[in-house]
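If you read the sequence shown in numbering that gives the first Met the number 0, its first letter stands for residue 0, the second for the next number, and so on.
Note that CB positions come from ideal geometry on N, CA and C, so glycine has one too.
These notes concern the structure reproduced below.
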Amino acid sequence: MRFFLHTHPQLMAIPMRLQSFASAQKWEGGVSMVQGASRGIGLEFVKQLLEKNGKGHVIATCRNPTKATALLELKNQFAERLNVLPLDVTVESTIEVHYLILFLPFYLLSYISNLCYPDLALDTSMFLCGIPVRVFEYVSNTVFDTATLGKMKSPCSIESARSITERYGSLNLLINASGILSIPSVLQPETTLSKVQKSSMMLAYEVNAVGPILVIKHMWPLLKVGGLLGTDRDVAVVANISARVGSIGDNRLGGWHMTKTISVEFARKKDPIACILLHPGTVDTDLSRPFQRNVPAEKLFAKEFSVQKLLNIINNAKQRDNGKFFAWDGQEIPW
């Protein structure tokens, strides 16, 4: 059987291609991902990352890229360095497929090994192809289950997965910029008790709190690789855009502190990742426009100004900053 394997160049090439596929190269300038990039702060992050780092690559995700006109204009301008992908934080399958396709060669190898060694048990044939059985069992049971494959019908989603894994294999920076405060006819500010709606509250929680955590969960393996190569930083950075109101120390109101919890997880596992929280100030975007009436002019920032300040914080982040909360001016906000 070993002789059969060694005398079939195409079969022998598969593990070699898999090794090349799974090992991330050092991308000069690094690889950044902006989640929620169709407009506002997210779009400005994409713009400045591309303009200020002439060699860096950017992955920009949003729910419906075909309608993200400004983002597509950037794609035309930076075709070689900008990858625009669909991702909906309320649909986990559109998140997980982005990196789980990394394991597609395992699935293909199982199929090929079964063709080459039809009389052998799967574990034996996989061993001959160089794939640890436990790895394959985990992938086949948790990644390629029927439910997951059934959700992967969109060619756009499949292409998204290939783009991150085959082209990059790692992430140096993840910015979670999506968020909602109001949506006409869907989500309105609860200015009185009579306006409180369960569906609106659940949607806000799903998009603003749960969504970013799911993105981090599924990009975690890529971030661990990116923390070791690609930029001058000694860590990969996860930057969650939030608000000062999330700080207990600042206002005694408290908040949902998933970012802090994630930072503890990274530290416990000694991952080369720093997870930080950023307060951009009140920025003149569609998101804040319904709430700007009482904001002093000097406190209402242009998105270009705010993002420039936040990128300065991100670019200077160190491992010791893991779990910290920063305002736009670099001031650390107490939890």
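Straight-line Cα distance separating residue j from residue i
i, j, result
"D270", "T284", "34 Å"
"V30", "S193", "46 Å"
"V83", "V33", "10 Å"
"C61", "K223", "23 Å"
"E297", "I40", "18 Å"
"I215", "G28", "21 Å"
"R267", "G178", "29 Å"
"K197", "Y204", "11 Å"
"L81", "T191", "43 Å"
"M201", "V90", "14 Å"
"L49", "Q76", "10 Å"
"G53", "W327", "24 Å"
Classification of residue i by the beta-carbon crowding that lies within 10 angstroms, buried from 16 upward
i, result
"E43", "buried"
"N293", "exposed"
"E158", "Unreliable positioning characterises E158 in this predicted model, as indicated by a pLDDT of 44, which lies under 50. A coordinate reading is not provided."
"K46", "buried"
"K302", "buried"
"A386", "Nothing in the structure corresponds to residue 386, since the chain is present only between 0 and 334."
"V195", "exposed"
"P295", "exposed"
"L78", "At residue 78 the sequence reads Ala, which differs from the Leu that was named. Classification of A78: exposed, given that the 10 Å Cβ count is below 16."
Residue i in three-state terms, based on DSSP
i, result
"F44", "helix"
"T191", "coil"
"Q34", "strand"
"A273", "strand"
"I332", "coil"
"P211", "helix"
"N311", "helix"
"N321", "coil"
"A316", "coil"
"P64", "helix"
"V234", "coil"
"V282", "strand"
"A326", "strand"
"L173", "strand"
"L85", "The displayed chain sequence assigns Pro, not Leu, to residue 85. Reduced to three states, the DSSP call for P85 is strand."
"N52", "coil"
"L299", "strand"
"N75", "helix"
"V57", "strand"
Own chain, CB closer than 6 Å to residue i, minus 5 neighbours either side, in chain order
i, result
"L277", "A238, I240, L309, F325"
"L172", "S31, V236"
"I174", "V33, F44, A238"
Residues near residue i in its chain [Cβ-Cβ closer than 7 Å; skip 5 each side]
i, result
"C274", "V237, T258, I261, S262, F265, N321, G322"
"I313", "L172, V236, A238"
"L170", "V30, M32, M218, L221, L222, G225, A235"
Same chain, Cβ closer than 8 Å to residue i, neighbours up to 5 away in sequence not counted
i, result
"V234", "G226, P271, I272, A273, A316, K317, Q318, N321"
"E331", "K323, F324, F325"
"K66", "S37"
beta-carbon residue i near the ligand NAD non-hydrogen atom, thresh 7 Å
i, result
"R319", "For the structure depicted, the ligand NAD is absent and the ligand set is empty, with no information on it obtainable."
Expected contact under 8 Å - CB spacing of residue i and residue j to nearest Å
i, j, result
"V88", "G210", "3 Å"
"G329", "F300", "Not a contact, Cβ separation roughly 14 Å."
"P64", "L70", "7 Å"
"C208", "G35", "At residue 208 the sequence reads Ala, which differs from the Cys that was named. With 8 Å as the limit, A208 and G35 do not qualify as a contact, their Cβ atoms being about 14 Å apart."
Test: residue i CB closer than 8 Å to a CB of chain C
i, result
"R166", "You won't find chain C in this structure, because it holds only one protein chain."
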